[in-house]
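Written below as structure tokens is the structure these notes are about.
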Amino acid sequence: MAADNLPDEEQGEWREVRIQQLKQQAAELCGEEMMSIEGENYSPEVEEEFWEHVVAFAQTKRILLFEVLVKAGISLPPPDELNEGQLSAKLWEVIDGLLLLGIYLEHTDHLSDGELYVELWSETLRGETVLPPEDSGFSYHLDLIGSGSGEDTLIYLKYYASADERQEWAAECPAEVMPAHEQPPYDRDRHLPRSSSREPAQLM
């Protein structure tokens, strides 16, 4: 039964039950990886749609982006088979291929073109992931320092964190050594494709 066919008061009750059912289903499917929008000021309609996409995402078969790109006609030769110019050209071919899949890269300015291609070729593209559901309205992001590791945290603090973020981290972790701030050695991120979707979701 569709909520739109019910009186307004019953629509609200039906939608709340529906949202709770979707949350439960998402929790069973996603476990610790479950996304959340709690605390945000979303309408019940938007919240219901969000959880429908979470469930659809969790039910989708996991794939390797490396294989998807190759099947799409993008060759991915080993990095040591490419010279510097070829590495840069191949990197942007991969970035464009990911864009067609609805996937965006973040935090890459600490890596050269060659280093970024090596990271994508050897690690990032070989991890299992889920492609964005079609027409979901969500964008998906591959964060090159999104693992949560201590090394990635230090890279973020060194190159990407604002003064306020660095100060907050220092207050929360007074025993840790704060790396000196430096400008990233490369200028790529501002040229990367950006998502216009209303809701980002992190892949990595």
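In the working numbering, the protein residues as written are 10 to 213. Yeah, the Cβ is synthetic: ideal placement off N, Cα and C, and Gly gets one too. On a predicted model such as this, the values are computed, not experimentally measured, just so you know.
Excluding sequence positions up to five away, which residues of its chain have a Cβ less than 7 Å from the Cβ of residue i?
| i | result |
| --- | --- |
| A35 | M43, W60, V63, V64, A67 |
| G102 | What sits at residue 102 in the sequence shown is Glu, not Gly. Excluding positions up to five away in sequence, the list reads I83. |
| L125 | L100, T117 |
| A81 | G106 |
I need the boundaries of the alpha helix (DSSP H) containing residue i, first residue and last residue.
| i | result |
| --- | --- |
| Y126 | 122–131 |
| L107 | 93–109 |
| E160 | 159–164 |
| L114 | That residue, L114, is in no alpha helix (DSSP H); its beta strand (DSSP E) goes 112–115. |
| Q176 | 172–181 |
| L74 | 74–80 |
In chain order, what residues of the same chain have a beta carbon less than 8 Å from the beta carbon of residue i, not counting five sequence neighbours either side?
| i | result |
| --- | --- |
| A214 | With the chain covering only 10 through 213, there is no way to say anything about residue 214. |
| G48 | Confidence at G48 is low in this model, with a pLDDT of 47, below 50, so the placement of that residue should be treated as unreliable; the coordinate-derived value is given next. Result list for G48: empty, nothing under 8 Å. |
| S158 | none |
| E191 | K167, Y168 |
| R175 | L166, M187, H190 |
Determine the closest residue to residue i out of the options, with distance taken between C-alpha atoms.
| i | options | result |
| --- | --- | --- |
| R197 | T162, Y113, E54 | Y113 |
| P1 | S148, H200, V77, V26 | Residue 1 lies beyond the stretch modelled for the chain, which goes from 10 to 213, so this question has no answer here. |
| L73 | L134, S121, K32, G21 | L134 |
| R203 | V79, E37, G94, L109 | L109 |
| F75 | Q95, A172, W130 | W130 |
| G111 | V139, A172, R199 | V139 |
| E58 | K32, G155, L78 | K32 |
| L78 | L91, I104, T162 | I104 |
Near residue i, which residues of its chain fall below 6 Å by C-beta distance, leaving aside the five closest residues on each side in sequence?
| i | result |
| --- | --- |
| L153 | H116, T117 |
| L96 | D122, G123, Y126 |
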